[in-house]
Amino acid sequence: MKPATEKLFELRAKLQALAERGIAGEKIAAKAKLRRLEAAVDFSKPVMRTQDIFADIRVRFSADAHLLCRLDQSELELADFVKWALEEQLKIEASHRLNGELWARVTPNDADKLGRIALGISESFRCLWFKLSKQSGIYPSDRKLFYRGLYDGMMGSKRDGLLPTRIIPKIKGTRTNKRAVAARPGVSLHPYQIALPLGESIRFSYTLDEINQQLAEAIEPKQINQPIEP
Numbered sequence: 000m001k002p003a004t005e006k007l008f009e010l011r012a013k014l015q016a017l018a019e020r021g022i023a024g025e026k027i028a029a030k031a032k033l034r035r036l037e038a039a040v041d042f043s044k045p046v047m048r049t050q051d052i053f054a055d056i057r058v059r060f061s062a063d064a065h066l067l068c069r070l071d072q073s074e075l076e077l078a079d080f081v082k083w084a085l086e087e088q089l090k091i092e093a094s095h096r097l098n099g100e101l102w103a104r105v106t107p108n109d110a111d112k113l114g115r116i117a118l119g120i121s122e123s124f125r126c127l128w129f130k131l132s133k134q135s136g137i138y139p140s141d142r143k144l145f146y147r148g149l150y151d152g153m154m155g156s157k158r159d160g161l162l163p164t165r166i167i168p169k170i171k172g173t174r175t176n177k178r179a180v181a182a183r184p185g186v187s188l189h190p191y192q193i194a195l196p197l198g199e200s201i202r203f204s205y206t207l208d209e210i211n212q213q214l215a216e217a218i219e220p221k222q223i224n225q226p227i228e229p
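Take 0 as the starting number for the sequence shown in numbering that gives the first Met the number 0 and just add one per residue.
This is the structure we're talking about:
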């Protein structure tokens with residue numbers, strides 16, 4: 000069987016939807032097409048995406064800054080990563096303001112394009128963190144580490160050697176206000192580790208549903224690294 004391409008995965012998804020929710024003859028026809036497709040194509044391996052969100056984006060410099068998008072005022076940390084991604088990949092000068100607005104010295108038309116990219120990145124970061132933050136063993140202080148992993152995954156870079164140190168709030172019964180959390184090799188996962196492949200998926204236009212599934216698969220069979228008892 001020939002390996003599945005991105006378009007064939009999309010076709011299978013459409014046929015599956017019709018086979019489940021189609022009406023009368025439409026449902027029957029979709030099931031038949033789906034059987035023929037799956038008999039001829041190997042869907043056992045995930046397809047590698049190549050649609051880079053930064054590819055073929057050419058921006059023109061403007062002496063005046065223009066608004067790209069607005070983020071919530073509480074998301075300045077997230078806005079930093081969005082700003083850095085645009086600056087690193089597109090070589091532009093950007094800034095975010097305390098009211099949550101992200102601006103760049105590009106033309107108005109280019110500002111619209113970059114705004115859509117910025118909002119897509121921010122939505123992915125926000126939603127993935129929301130999902131991870133509900134897991135046992137994850138703390139609010141992990142957010143920046145997780146965002147850093149998503150960012151490095153998007154940029155195609157990662158830390159060599161030791162992972163960044165996790166710092167968690169004081170745990171009841173301990174004597175210190177903060178302490179580093181050591182990972183248990185082979186058992187636990189660091190938030191930065193979890194985030195790296197997800198960041199790459201954001202870069203290559205995977206849907207948020209697909210990336211959420213990746214996150215679920217990464218954390219379900221494994222324990223998030225827990226604080227080591229003194």
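Heads up, the beta-carbon is just placed ideally off N, CA and C, and yes, glycines get one too. Since we're looking at a predicted model, the values are computed, not measured.
Rounded straight-line distance, which links the Cα of residue j to that of residue i
i: K1; j: R35; result: 13 Å
i: L66; j: M154; result: 24 Å
i: G152; j: L14; result: 32 Å
i: I201; j: K32; result: 31 Å
i: S90; j: T106; result: For the sequence presented, residue 90 should be read as Lys rather than Ser. Between K90 and T106, the C-alpha separation is close to 14 Å.
i: F145; j: F53; result: 22 Å
i: L149; j: A62; result: 31 Å
i: Y138; j: I167; result: 7 Å
i: V186; j: G119; result: For V186, the predicted model reports a pLDDT of 28, less than 50, meaning its position is unreliable and no value from the coordinates is stated.
Where residue i falls: helix, strand or coil (DSSP)
i: K1; result: strand
i: T175; result: At T175, the pLDDT of 47 sits below 50, so the modelled position is not reliable; the number obtained from the coordinates is stated separately. Coil at T175, not helix or strand.
i: A23; result: coil
i: A28; result: helix
i: D41; result: strand
i: D63; result: strand
i: R125; result: helix
i: L70; result: coil
i: R34; result: helix
i: L101; result: strand
i: L131; result: helix
i: E217; result: A small correction: the amino acid at residue 217 is Ala; Glu does not occupy that position in the sequence shown. Correct three-state label for A217: helix.
i: S204; result: coil
C-beta contact flag for residue i and residue j at 8 Å
i: G99; j: A78; result: yes
i: D141; j: P190; result: yes
i: A29; j: L17; result: yes
i: L214; j: L127; result: yes
i: S88; j: F203; result: First, the amino acid is wrong: residue 88 is Gln here, not Ser. For Q88 and F203, no; Cβs fall outside 8 Å.
i: K143; j: E76; result: yes
Presumed contact (8 Å Cβ cut-off) between residue i and residue j, rounded CB distance
i: V40; j: A3; result: 5 Å
i: S94; j: L207; result: Not confirmed; about 27 Å, so no contact.
i: L101; j: Q72; result: Their Cβ separation, rounded to whole angstroms, is 12 Å, which puts L101 and Q72 out of contact at 8 Å.
Check whether the region 105-122 and the region 57-72 are in contact - that is, three or more C-beta pairs closer than 8 Å. yes
Three or more C-beta pairs below 8 Å linking the region 77-96 and the region 12-29: no
Is it the case that the region 129-136 contacts the region 205-222, given that we only count it when at least three CB pairs across the two stretches are under 8 Å? yes
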